[in-house]
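Novice: The sequence shown begins at 1 in my numbering and counts up one residue at a time. Just so you know, even glycine gets a beta-carbon here, dropped at the ideal spot from N, CA and C. Only a predicted model underlies this, so the values are computations on that prediction, with no experimental measurement involved.
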Amino acid sequence: MSANISNRSFRPYTGEKARITRAYDYLILVLALFLFIGSFHLHFALTVGDWDFWVDWKDRQWWPLVTPLMGITFPAAVQYVLWNKFRLPMGATLCVAALLIGTWITRVFAYHYWNFFPINMVLPATMLPGALVLDFILMLSNSLTITAIFGGAAFALLFYPSNWPIFGMFHVPVEQGNGQVTVADLFGFQYIRTGMPEYLRIIERGTLRTYGQYATPLSAFCSALLCTLMYTLWWYIGKWFSTTRYLNRI
């Protein structure tokens, strides 16, 4: 049976119907927000994992490489939806803010209050500066190519400098057992877990150090290149998921 809806006249709800409809919309928005926070947080925890969880895992090689690469995925998809459908240049900032809310709730209540880890040991990293630049470039350029190249690169390159004021204090050297370790390593030795990052120190001395003394700049520029490609991929994933299709027959 076909339904001709073009000749029907629609009238907005008024009175009690309007209030119920508005309350239902607010309920759906709140539930959708928590669903989005949970999905992005789960995606981030399964992909980045320990590198952005424990303070002694935040090394100079893999942490600035993996974290921006996996963190730009959801912002790219949401940017397509909010920019192409609503012209709102806030997709990346909204995603990173939602991720920070979910991460702080988990770290404080599940690991600090429940498992008694120090909050300094499970501090989450921030990607807000890179997200702001990503939205800013999209707003000014209105171009996928420019945003992917310059915005994706800036998202990765700004990650380590923006987090250094937070985690720089944990890289201060201290003496422990007639050896020199960082404050972050000392945290790890005092709170034993199933996964310890000693192998990170061995890898860091053997691979990227071949090209120079410092591993962080090379990791950051490698992440910038990969973020350019990852942004484009997830932009089209967002386009695929947000495509509107209509039924001609009911």
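Looking at the secondary structure, which residues open and close the alpha helix (DSSP H) in which residue 217 lies?
Specialist: 216-241
Novice: Exposed or buried, what is residue 127 when buried is set at 16 or more other beta-carbons lying within 10 Å of its beta-carbon?
Specialist: buried
Novice: With 16 other CB atoms within 10 Å as the buried threshold, where does residue 64 fall?
Specialist: buried
Novice: For residue 150, which option in 162, 112, 132 has the closest C-alpha, if you only look at C-alpha atoms?
Specialist: 132
Novice: Kindly indicate which three-state DSSP category residue 102 falls into: helix, strand or coil?
Specialist: helix
Novice: From the DSSP output, which residues share a beta bridge with residue 173?
Specialist: Per DSSP, the beta bridge partners of residue 173 are 182.
Novice: Please report the straight-line C-alpha distance between residue 141 and residue 123, rounded to a whole angstrom.
Specialist: 34 angstroms
Novice: State the start and end residues of the unbroken alpha helix (DSSP H) segment that holds residue 84.
Specialist: The continuous alpha helix (DSSP H) containing residue 84 extends over residues 73-86.
Novice: Are residue 138 and residue 220 closer than 8 angstroms when you measure CB to CB?
Specialist: no
Novice: Compute the Euclidean distance between the alpha carbons of residue 236 and residue 146, then round it to the nearest angstrom.
Specialist: 15 angstroms
Novice: Of the residues 56, 222, 18, which one's Cα is nearest the Cα of residue 154?
Specialist: 222
Novice: Taking the CB atoms as reference points, tell me whether residue 125 and residue 231 lie closer together than 8 angstroms.
Specialist: no
Novice: What first and last residue would you give for the alpha helix (DSSP H) that runs through residue 123?
Specialist: First-last for residue 123: undefined, no H or E at that position.
Novice: Are residue 184 and residue 58 closer than 8 angstroms when you measure CB to CB?
Specialist: yes
Novice: How would you label residue 71, buried or exposed, when you count the other beta carbons within 10 angstroms and need 16 or more for buried?
Specialist: buried
Novice: Taking the alpha helix (DSSP H) that residue 41 belongs to, which residues open and close that run?
Specialist: 16-47
Novice: Residue 241 to residue 172, Cα distance in whole Å?
Specialist: 46 angstroms
Novice: What is the DSSP secondary structure of residue 146, reduced to helix, strand or coil?
Specialist: In the structure shown, residue 146 adopts helical secondary structure according to DSSP, grouped into three states.
Novice: Leaving out five residues on either side along the sequence, give the residues of the same chain with a beta carbon under 7 angstroms from the beta carbon of residue 83.
Specialist: 89, 91, 138
Novice: Reducing DSSP to helix, strand and coil, say where residue 52 ends up.
Specialist: helix
Novice: Going by beta carbon distance, what residues of the same chain come within less than 8 angstroms of residue 117, once the five residues before and after it are set aside?
Specialist: 111, 191
Novice: Tell me which residues share the same chain as residue 2 and place their Cβ nearer than 6 angstroms to its Cβ, disregarding the 5 neighbours each side in the sequence.
Specialist: Unreliable placement is indicated for residue 2, whose pLDDT of 49 sits below 50; the coordinate value is still reported in the next sentence. If we look at residue 2 and ignore the five residues flanking it on each side, its Cβ neighbours are 249.
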